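Take the sequence shown: its letters are residues -15 to 49, numbered as in the working numbering. Glycine included, every Cβ here is placed at the ideal spot set by N, Cα and C. These numbers come from a predicted model, not from an experiment.
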Amino acid sequence: MIGETQTTLMLGTDTFYNGYANYGKREYFSSVRFGVAGAEKLKPHTREHWQSEFGVTIYEGYGVT
């Protein structure tokens, strides 16, 4: 669905970002420019994996409110 709609922003939790990364392919996320993670702390390995594997920077949204 991300590829079909050419989504550029993703919102999610660390848990979901890990799940997407484990089963997703690089081309699935080619339109995504950055993400925001909230509801739980973003783990460093999640941020690093998304940056190196998909070229997507995930920003920490946890604790903003």
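Is residue i helix, strand or coil when you go by DSSP?
i	result
Glu44	strand
Ala5	helix
Gly39	coil
Any idea if residue i is buried or exposed, counting beta-carbon neighbours within 10 angstroms, 16 or more meaning buried?
i	result
Leu(-5)	exposed
Gly19	buried
Tyr1	buried
Arg17	exposed
May I have the straight-line CA-CA distance separating residue i from residue j, to the nearest angstrom?
i	j	result
Pro28	Ser36	12 angstroms
Lys25	Glu11	27 angstroms
Phe13	Gly(-13)	7 angstroms
Hey, residue i and residue j: beta-carbon distance below 7 angstroms or not?
i	j	result
Asp(-2)	Thr41	no
Gly131	Gly45	Nothing in the structure corresponds to residue 131, since the chain is present only between -15 and 49.
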